[in-house]
Amino acid sequence: MTPRVVEPPARLGMGVSVYPSATAMVWPGDGHAHEAVAVPGVRLAPGDVLVEVELATVCGSDVHTVLGHRQAQAPLVLGHEQVGRVVALGRGGAKTTDGHRVSLGERVVWSVAVPCGRCARCRRGLPQKCVGLQKYGHERMRRGWELSGGFATHTHILDGTPLVRVPDDMPAEVLAPASCSTATVAAALEAASAIVPLEGALVLVAGAGMLGLTATAMATEAGARVVVSEPLPERREAALAFGAVGVADPRAAAGSPSGLASVLAKAGGRAPAPTIALELSGNPSAVRSLLGAVDVGGVLVLVGSVCPGPELGIVPEQLVRRLLTIRGVHNYAPRHLEQAVRFLAETWQRYPFAEQVGETFPLAEVDRALAATTHPRVAVRP
Numbered sequence: 001m002t003p004r005v006v007e008p009p010a011r012l013g014m015g016v017s018v019y020p021s022a023t024a025m026v027w028p029g030d031g032h033a034h035e036a037v038a039v040p041g042v043r044l045a046p047g048d049v050l051v052e053v054e055l056a057t058v059c060g061s062d063v064h065t066v067l068g069h070r071q072a073q074a075p076l077v078l079g080h081e082q083v084g085r086v087v088a089l090g091r092g093g094a095k096t097t098d099g100h101r102v103s104l105g106e107r108v109v110w111s112v113a114v115p116c117g118r119c120a121r122c123r124r125g126l127p128q129k130c131v132g133l134q135k136y137g138h139e140r141m142r143r144g145w146e147l148s149g150g151f152a153t154h155t156h157i158l159d160g161t162p163l164v165r166v167p168d169d170m171p172a173e174v175l176a177p178a179s180c181s182t183a184t185v186a187a188a189l190e191a192a193s194a195i196v197p198l199e200g201a202l203v204l205v206a207g208a209g210m211l212g213l214t215a216t217a218m219a220t221e222a223g224a225r226v227v228v229s230e231p232l233p234e235r236r237e238a239a240l241a242f243g244a245v246g247v248a249d250p251r252a253a254a255g256s257p258s259g260l261a262s263v264l265a266k267a268g269g270r271a272p273a274p275t276i277a278l279e280l281s282g283n284p285s286a287v288r289s290l291l292g293a294v295d296v297g298g299v300l301v302l303v304g305s306v307c308p309g310p311e312l313g314i315v316p317e318q319l320v321r322r323l324l325t326i327r328g329v330h331n332y333a334p335r336h337l338e339q340a341v342r343f344l345a346e347t348w349q350r351y352p353f354a355e356q357v358g359e360t361f362p363l364a365e366v367d368r369a370l371a372a373t374t375h376p377r378v379a380v381r382p
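If you count by full-length UniProt numbering, then the sequence shown holds residues 1 to 382, one letter each, in order.
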């Protein structure tokens, strides 16, 4: 049955109800399976949007949460990579990041983060680290914002959330990851290119999950030569399909043809040391490896280290003498989501993005989706 949105009389305010009721899959906490919770009514504040979720993909941070690798307040509606269509608007409507007034039925993606736009960090140009930041799929379920994540039939988009229109003819499997992995990579490459131009650079990427594959394609499109370090052979093969000029096995013996030094030497020619290194795996040994590999004047961007881990031993003298820059990237700004959608719209037919999303599960089987490990992404279709 197709859900219908029913608006009550104006005297009751901007509450809307969905028939059949909107449903969220709620994670109660460690050791518990998800539970389906019906949300028959939603109170939309001015600027809020109600979106019917078309498809959500499972991000690594969703898995880390249920495994207890990252702290989260339960009960919680997980999911922050999704695409959907607008079915209701709060008073005054809403606008996309380019100023377009949102219409009912439009297909959109939205940022993982809701900045306030007023605090000191927002004014400094860091809305992704807003002092009062709220994040879809990360906040404790609360009255008035029950539909706060992507693992639901609908998501309640709060006023101030960056929204971006997306083409109707693009596969949902390509678009859903834009809200996390694609936009995060756009932020990482921007951080790197502020130090070293991507055009003509030799870029070393650690990890060929969704982040690494996306970074490989994005950097290649920007004119870089990309080498990917990844222990899984099937993911190394995928990296080649996304434009990598070489792939290395970090477990290979020193001097081995598949070892990092040999692959870099073959890919780099006279300049075998990368000037840009992107750590996207979260593996502490990969951080150390990239720090040792990056060339004088180069930049190391850390993205994958989002869970507690061992300290990274850094010799200050090496940073000084090698003129190195280390940058961290967490979340992203609204412009990066715009860049992500634009990049996918231009390139999705050249790279196998859709094929990286494996099995698609019904919403009720979200626990099975979180346990699946066969592809960089699996999907949940409400």
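Ideal Cβ positions, reconstructed from N, Cα and C, are used throughout, including at glycine. Since this is a predicted model, take the numbers as computed values, not measurements.
With contacts defined by Cβ atoms closer than 8 Å, residue 380 and residue 353 do not form a contacting pair. In the structure shown, residue 139 falls within a coil segment according to DSSP collapsed to helix, strand and coil. If you check the CB distance, residue 219 and residue 230 do not come in under 8 Å.
Listed as beta-bridge partners of residue 82 by DSSP are 56. Every unbroken stretch of the alpha helix (DSSP H) spanning 4 or more residues and falling wholly within the stretch 98 to 164 is given here in chain order: 120 to 123. Taking C-alpha positions only, residue 293 is separated from residue 148 by approximately 41 Å. At the C-beta level, residue 137 and residue 64 stay beyond 8 Å of one another.
The Cβ atoms of residue 162 and residue 334 sit closer than 8 Å to each other. If you ignore the 5 residues before and after residue 269, its C-beta comes within less than 6 Å of no other C-beta in its own chain.
The beta carbon of residue 30 sits closer than 7 Å to the beta carbons of 68 from its chain, once the five residues preceding and following it are set aside; these are given in chain order. With a contact defined as Cβ atoms closer than 8 Å, residue 291 and residue 300 qualify at about 6 Å.
When Cβ pairs closer than 8 Å are counted between the two stretches, the stretch 70 to 79 is seen not to touch the stretch 117 to 125, the count staying below three. With a threshold of 16 other beta carbon atoms within 10 Å, residue 24 meets it and is buried. In the structure shown, residue 185 adopts helical secondary structure according to DSSP, grouped into three states. Residue 314 and residue 263 have their C-alpha atoms some 25 Å from each other. Between residue 102 and residue 93, the C-beta spacing is below 8 Å. Shown here for residue 348: same chain residues with a beta carbon closer than 8 Å to its own, the five before and five after excluded, namely 170, 171, 174 and 354 in chain order.
Per the C-alpha coordinates, the member of 53, 157 and 208 positioned closest to residue 376 is 208. With fewer than 16 other Cβ atoms inside 10 Å of its own Cβ, residue 285 counts as exposed. Between residue 254 and the set 289, 358, 139 and 99, the nearest pair of CA atoms involves 289.
Taken atom to atom, the span from the alpha-carbon of residue 363 to that of residue 152 is near 7 Å.
Exposure of residue 251 is indicated by the presence of fewer than 16 other C-beta atoms within 10 angstroms of its C-beta. For residue 275, there is no enclosing alpha helix (DSSP H), as DSSP gives it neither H nor E.
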